[in-house]
Amino acid sequence: MIKSIFNQFIIKITPLLPLWIVWKIAGRYVAGKSIAGALDVVGQLNAKGYSATVDILGEHTKSETEADHITNEYIAIYDEISKQELDCNISIKPSHIGQDISKDTLQTNLDKLLSKAEETHNFLRIDMESSAVTDDTISLFKSCYEKYEQVGTVLQAYLYRSEKDLESLAQNGSFNFRLCKGIYKESPSIAIQRRRKINSNFMKLLRFAFKNKIYVGIATHDLDILKSTYKLIEELNVQSDAFEFQVLYGVPMSGWLQNHLKNNFKVRVYVPYGIDWYAYSTRRLKENPNIAGYILKDMFRR
Ligand SMILES: Cc1cc2nc3c(=O)[nH]c(=O)nc-3n(C[C@H](O)[C@H](O)[C@H](O)COP(=O)(O)OP(=O)(O)OC[C@H]3O[C@@H](n4cnc5c(N)ncnc54)[C@H](O)[C@@H]3O)c2cc1C
Numbered sequence: 041m042i043k044s045i046f047n048q049f050i051i052k053i054t055p056l057l058p059l060w061i062v063w064k065i066a067g068r069y070v071a072g073k074s075i076a077g078a079l080d081v082v083g084q085l086n087a088k089g090y091s092a093t094v095d096i097l098g099e100h101t102k103s104e105t106e107a108d109h110i111t112n113e114y115i116a117i118y119d120e121i122s123k124q125e126l127d128c129n130i131s132i133k134p135s136h137i138g139q140d141i142s143k144d145t146l147q148t149n150l151d152k153l154l155s156k157a158e159e160t161h162n163f164l165r166i167d168m169e170s171s172a173v174t175d176d177t178i179s180l181f182k183s184c185y186e187k188y189e190q191v192g193t194v195l196q197a198y199l200y201r202s203e204k205d206l207e208s209l210a211q212n213g214s215f216n217f218r219l220c221k222g223i224y225k226e227s228p229s230i231a232i233q234r235r236r237k238i239n240s241n242f243m244k245l246l247r248f249a250f251k252n253k254i255y256v257g258i259a260t261h262d263l264d265i266l267k268s269t270y271k272l273i274e275e276l277n278v279q280s281d282a283f284e285f286q287v288l289y290g291v292p293m294s295g296w297l298q299n300h301l302k303n304n305f306k307v308r309v310y311v312p313y314g315i316d317w318y319a320y321s322t323r324r325l326k327e328n329p330n331i332a333g334y335i336l337k338d339m340f341r342r
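Per the numbering used here, the very first residue in the sequence shown carries number 41; after that it's consecutive.
Written out as structure tokens, the structure reads:
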């Protein structure tokens, strides 16, 4: 109850705050506003032993010109990653490069990115957005994977359907996916609402991936899940090249990231950047007000 009132309060006051205050809060989760700034952060992460994935902030692009512009920016990032020999791939949201405009626009832009990923020996992750586009995103991933090896997608543990989706994708052999809880507000008719049950589904999906040798990016900050994952790795004797841990840039992890590295486990940090940071952060806050609580907890911890 108190948590919910607090969350509503934060959402109401955010638009009234001066931009520099919002940036001071959001800035620790965003790697600047330019490619150079973001890749600088990636370089620093690489130096500490972490891999990275870069995401240009934004979604639901409405014009062809803008979708082209975002696609070209991603292409420039692939070139820079290659030039600077960074350990970094790219994550994109389909709605950012044309999904809301037309299937053709999206496919054309995705093909450009996948050709570039192939040319630069890199990888592209198709992020998962809300349940309105789960079917489309999975079909898109399947059709891309028929043509290109270096592509992966995301499944969300809060969706009841994810178990079937994972089983169905596994029928065509191994592939690469990120497993996360899911960030969008979804109806109880399609999505598990209780944290304990989401965690249990997360572990069920992870067990399936490990047993079926499907490469999985374990994307969570939930320490209970990490503890269970360590047990599962031991129980199934999973090799360290079968998975990686993934976290969002700036989220405190109580020493777990260093722990992963000591165990020779790969850790990939999701590095978002871009001029759309304000709209993106406030939209996310409206969709999932719990983020307000995380940020405040983090500020006090620091
Ligand atoms: C690398 C990565 C990629 C992702 N990609 C997608 C995607 O494609 N589609 C999608 O729907 N969702 C995506 N997500 C978001 C994910 O679905 C969850 O909403 C988010 O990670 C919070 O869930 P959690 O597993 O960390 O557990 P929670 O139970 O939500 O959080 C566990 C603890 O972690 C801390 N924490 C969590 N998030 C934050 C935060 N933002 N700031 C500060 N502290 C925090 C809090 O202390 C919290 O108590 C991604 C997450 C990661 C890490």
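The C-beta atom is built at its ideal place from N, Cα and C for all residues, glycine as well. Predicted, not measured: the structure shown is a model, and the values here were computed from it.
To the nearest angstrom, report how far apart E125 and Y198 are at their CA atoms.
-> Residue numbering aside, residue 125 sits at position 85 when the sequence shown is read from its first letter. Residue numbering aside, residue 198 sits at position 158 when the sequence shown is read from its first letter. So the alpha carbons of these two residues sit roughly 36 Å apart.
Verify whether the separation of the beta carbon atoms of R247 and S91 is less than 7 Å.
-> If you number the sequence shown from 1, residue 247 lands on position 207. If you number the sequence shown from 1, residue 91 lands on position 51. Against a cut-off of 7 Å, the Cβ pair of S91 and R247 comes out as no contact.
Taking 6 Å as the cut-off, is the CB of D127 close to at least one heavy atom of ligand 2?
-> For the structure depicted, ligand 2 is absent and the ligand set comprises only ligand 1.
Would you call A249 buried or exposed, if buried means 16 or more other Cβ atoms sit within 10 Å of its Cβ?
-> Numbered from its first residue, the sequence shown carries residue 249 at position 209. Buried, by the Cβ-count rule.
Note down, in chain order, each residue of its chain lying with its Cβ closer than 8 Å to the Cβ of P58, except the 5 sequence neighbours on either side.
-> Position 18 of the sequence shown, counting from 1, holds the residue named residue 58. None.
How many Å lie between F283 and E159 at the Cα?
-> As a position in the sequence shown, residue 283 is number 243, starting the count at 1. As a position in the sequence shown, residue 159 is number 119, starting the count at 1. Distance between the alpha carbons of F283 and E159: 24 Å.
Spatial distance of L164 from I132 (CA atoms) | As a working note, residue 164 is residue 124 in the sequence shown. As a working note, residue 132 is residue 92 in the sequence shown. Straight-line Cα distance between these residues: approximately 7 Å.
Going by the C-beta, is L288 closer than 6 Å to any heavy atom of ligand 1?
-> The count along the sequence shown starts at 1 and reaches residue 288 at position 248. Yes, since a heavy atom of ligand 1 falls inside the 6 Å radius drawn around the Cβ of L288.
With a threshold of 6 Å, establish whether the CB of C220 neighbours any heavy atom of ligand 1.
-> Along the sequence shown, one-based indexing puts residue 220 at 180. C220: yes, Cβ under 6 Å from ligand 1.
Indicate, with yes or no, if ligand 1 has a heavy atom lying under 6 Å from the CB of H136.
-> Taking the first residue of the sequence shown as position 1, residue 136 is located at position 96. Checking every heavy atom of ligand 1 against the Cβ of H136, none is found closer than 6 Å.
Just grab the DSSP bridge partners of R206 for me.
-> To locate residue 206, count along the sequence shown from 1; it is residue 166. According to the sequence provided, residue 206 is Leu. The question's Arg does not apply to it. Looking at the DSSP assignment, L206 forms no beta bridge with any residue, so it has no partner.
First through last residue of the alpha helix (DSSP H) which encompasses V81 | What you label residue 81 is simply residue 41 of the sequence shown in a count that begins at 1. Start and end: 75 to 87.
Tell me, to the nearest whole angstrom, how far the beta carbon of V287 is from that of Y310; I am working on the premise that it is less than 8 Å.
-> For the purposes of this step, residue 287 is taken as the residue at position 247 of the sequence shown. For the purposes of this step, residue 310 is taken as the residue at position 270 of the sequence shown. Correct: roughly 7 Å between the Cβ atoms.
Taking I137 and N149 to be in contact with their CB atoms under 8 Å, please state how far apart those CB atoms are, rounded to whole angstroms.
-> The count along the sequence shown starts at 1 and reaches residue 137 at position 97. The count along the sequence shown starts at 1 and reaches residue 149 at position 109. Correct: roughly 4 Å between the Cβ atoms.
Helix, strand or coil: which one does DSSP assign to P312?
-> What you label residue 312 is simply residue 272 of the sequence shown in a count that begins at 1. Strand, per DSSP.
So L118 packs on N162, CB below 8 Å; how close in whole Å?
-> By 1-based counting over the sequence shown, the position of residue 118 is 78. By 1-based counting over the sequence shown, the position of residue 162 is 122. The question names Leu, but residue 118 in the sequence shown is Tyr. Indeed, because the Cβ distance is near 6 Å, the residues count as touching under 8 Å.
Using beta-carbon positions only, say whether W343 and L266 come within less than 7 Å of one another.
-> A question about residue 343 goes unanswered here, because the residues of the chain that appear run from 41 up to 342.
To the nearest angstrom, how far is it from the Cα of S171 to the Cα of I178?
-> The residue you call residue 171 lines up with position 131 of the sequence shown. The residue you call residue 178 lines up with position 138 of the sequence shown. Going from the Cα of S171 to the Cα of I178 covers about 11 Å.
For N129, the residue or residues it bridges with in DSSP | Translated into the one-based positions of the sequence shown, residue 129 becomes position 89. Per DSSP, T93.
Return the bridge partner residues of V307 from the DSSP annotation.
-> Within the sequence shown, the letter at position 267 stands for residue 307. Paired residues: F285.
Selection from I121, S103, T101 that minimises the alpha carbon distance to A76 | Counting from 1 along the sequence shown, the entry for residue 76 is found at position 36. Here the closest residue by C-alpha is I121.
Exposure label - R218; buried when at least 16 CB within 10 Å | For the purposes of this step, residue 218 is taken as residue 178 along the sequence shown, with counting starting at 1. Buried, by the Cβ-count rule.
So, are the CB atoms of W317 and V70 less than 7 Å apart?
-> Taking the sequence shown and counting its residues from 1, one reaches residue 317 at position 277. Taking the sequence shown and counting its residues from 1, one reaches residue 70 at position 30. Against a cut-off of 7 Å, the Cβ pair of V70 and W317 comes out as a contact.
Under 7 Å between C-beta atoms of F305 and S280 = Your numbering for residue 305 matches position 265 in the sequence shown. Your numbering for residue 280 matches position 240 in the sequence shown. Contact: yes.
If you draw a straight line from the C-alpha of A116 to the C-alpha of S103, how long is it?
-> Position 76 of the sequence shown, counted from the start, is the residue given in the question as residue 116. Position 63 of the sequence shown, counted from the start, is the residue given in the question as residue 103. Roughly 20 Å between the two C-alpha positions.
Can you give me the Cβ contacts of R342 inside the same chain, cut-off strictly under 6 Å, excluding the 5 residues immediately before and after it?
-> Looking up residue 342 in the sequence shown gives position 302. The predicted position of R342 is uncertain, since its pLDDT is 47 and thus under 50; a value taken from the coordinates is nonetheless stated next. Nothing listed; no residue qualifies.
When the distance is taken between beta carbons, is Y185 closer than 7 Å to L154?
-> Mapped onto the sequence shown, residue 154 falls at position 114. Mapped onto the sequence shown, residue 185 falls at position 145. Going by C-beta atoms, L154 is not nearer than 7 Å to Y185.
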